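Residue numbers (my numbering), protein chains in the order written: chain C, 153 to 543; chain A, 100 to 196. Worksheet for the structure shown next.
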Ligand code: SF4
Ligand code: SF4
């Protein structure tokens, strides 16, 4: 029987990678991702996980080593955060363009300067357009489950794309939660083996990551776009199958008291759990508020987002990153463009908050919603408001 | 490549644009990058082979008589062979078009 144990989320994540029986792990340690790779290094060193652990000299090398490993058909895992993710930036595009099924945990961390090791989504937003499938997670069980799903999605023949699992630095990565680790045999059945169709092999030479002159580059990019969009079907199918096997269910967009709510708040990641408590409290006070949590970030779930907000009058979007000099939070901009052409759509208010590890409490979420309603009625001079900044 | 370049669609590409036909880069004409072509004066050539060694394109080959000639399908006209030739046997000439 699968046991439910109190475990640090980072350690549980490492255990999930072990359950997935990864073949190659190439990673460079960086706060707040460190406990994940430390745990994996230990599992490999102790012979508990039969994998090649490559201790590289930088994140750029980590992702480069992952390219090679995945190209040879190995089940490949890495993890990074903040500046580390930025350092591997250019290689991220190569991984998705070459259609290599790498799984990476990104322990979301604010970007420098000033130096911050604490969490927000500025690292995630900077890699938005790298062509990876991207999932946001809310709690430890979710993280473990998404790691397993990520391998299955990435390696599916119809997908063959790298997958990023975002989890909030410290707020999620370093907490101890009760987590159920599935049985090894169940995981093996759920995942199968990685069968990369055109691996590097001396018996059948192939060339990967070639030169793409103007006559063909556009076609390669369109092929990539079609593929990433179509991967949504496989993501949905995977979550359905996961639900059947492990009895835990996931959706691209998840609601909480959202069906009949006139006012909706939209969040991503672990802050959603605090937001739920705030919604619950406001509901008890008779307010028709609800929450929408965006789990699938890429490919963007257009139809699910449209469906989720169609009855609301006001939608308040909380971003944990700033698009400097731009229209507000990056998530909010996308939600706006997804809804702009809809005949019936809510008013949209953009908030930025929770930067660089600053907490948003239950009271904080109530204040955001209350202020959001006020802006919805009276309007605002600003493109967005930043929550909790000291004037 | 089965189809001519101009007819290839995105559907014809392998996953990740992987090239499965080994050596098909040899079908790629790099010669049209050239604005100058090397011209060999065999009277000055001592058959030392330095041009052959230095050519970054690997497009020089030795004739039966032992002289070196560039394959203009590939020669990019970089002029390295002319620069390296110890006897001045190679001159770079402007391409007409
Ligand atoms: S010009 Fe350059 S490419 Fe052409 S033969 Fe000489 S060295 Fe080779
Ligand atoms: S470098 Fe000059 S002399 Fe030597 S083989 Fe080439 S052309 Fe002849």
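Glycine included, every Cβ here is placed at the ideal spot set by N, Cα and C. As the structure is a prediction and not an experimental result, all values here were calculated from the model.
Is residue i a contact residue of ligand 1, with contact defined as CB to any heavy atom under 7 Å?
| i | result |
| --- | --- |
| residue 179/A | yes |
| residue 172/A | no |
| residue 175/A | yes |
| residue 141/A | no |
| residue 169/A | yes |
| residue 155/A | yes |
| residue 121/A | no |
| residue 185/A | no |
| residue 366/C | no |
| residue 137/A | yes |
Counting along the chain, where does the beta strand (DSSP E) carrying residue i start and finish?
| i | result |
| --- | --- |
| residue 361/C | Run containing residue 361/C: none; DSSP gives neither H nor E here. |
| residue 332/C | 328–332 |
| residue 136/A | 135–139 |
| residue 192/A | 189–193 |
| residue 541/C | It is not in any beta strand (DSSP E) - residue 541/C carries neither H nor E in the DSSP assignment. |
| residue 179/C | 176–179 |
Cβ of residue i versus every heavy atom of ligand 2: is any distance shorter than 7 Å?
| i | result |
| --- | --- |
| residue 158/A | no |
| residue 149/A | yes |
| residue 254/C | no |
| residue 162/A | no |
| residue 188/A | yes |
| residue 146/A | yes |
Using the C-alpha atoms, what's the distance from residue j back to residue i?
| i | j | result |
| --- | --- | --- |
| residue 245/C | residue 301/C | 22 Å |
| residue 372/C | residue 316/C | 22 Å |
| residue 283/C | residue 464/C | 31 Å |
| residue 138/A | residue 277/C | 55 Å |
| residue 247/C | residue 353/C | 18 Å |
| residue 224/C | residue 455/C | 36 Å |
| residue 515/C | residue 392/C | 35 Å |
| residue 528/C | residue 536/C | 12 Å |
| residue 154/A | residue 214/C | 35 Å |
| residue 120/A | residue 364/C | 15 Å |
| residue 324/C | residue 532/C | 33 Å |
| residue 232/C | residue 128/A | 42 Å |
| residue 174/C | residue 204/C | 9 Å |
| residue 228/C | residue 171/C | 13 Å |
| residue 351/C | residue 432/C | 51 Å |
| residue 510/C | residue 187/C | 21 Å |
| residue 501/C | residue 435/C | 20 Å |
| residue 438/C | residue 413/C | 11 Å |
Residue i by DSSP, collapsed to three states: which one?
| i | result |
| --- | --- |
| residue 408/C | strand |
| residue 159/C | strand |
| residue 447/C | coil |
| residue 420/C | coil |
| residue 464/C | coil |
| residue 499/C | strand |
| residue 189/C | helix |
| residue 194/C | helix |
| residue 107/A | coil |
| residue 470/C | strand |
| residue 504/C | strand |
| residue 425/C | helix |
| residue 115/A | helix |
| residue 166/C | helix |
| residue 475/C | strand |
| residue 321/C | coil |
| residue 442/C | strand |
Which residue marks the beginning of the alpha helix (DSSP H) containing residue i, and which one marks its end?
| i | result |
| --- | --- |
| residue 489/C | 482–491 |
| residue 525/C | 514–530 |
| residue 339/C | 336–343 |
Who are the neighbours of residue i on chain D, taking C-beta pairs under 7 Å?
| i | result |
| --- | --- |
| residue 364/C | Given the protein chain composition of this structure (C and A), no chain D is represented. |
At what residue ranges does the region 200–246 of chain C contain a whole run of the alpha helix (DSSP H), taking only runs of 4 or more? 211–223 and 234–239
Uninterrupted alpha helix (DSSP H) stretches inside the region 234–318 of chain C (no shorter than 4 residues): 234–239, 241–249, 274–278 and 292–307
Which runs of the beta strand (DSSP E), 3 residues or longer, sit entirely within the region 146–186 of chain A? 159–161 and 167–169
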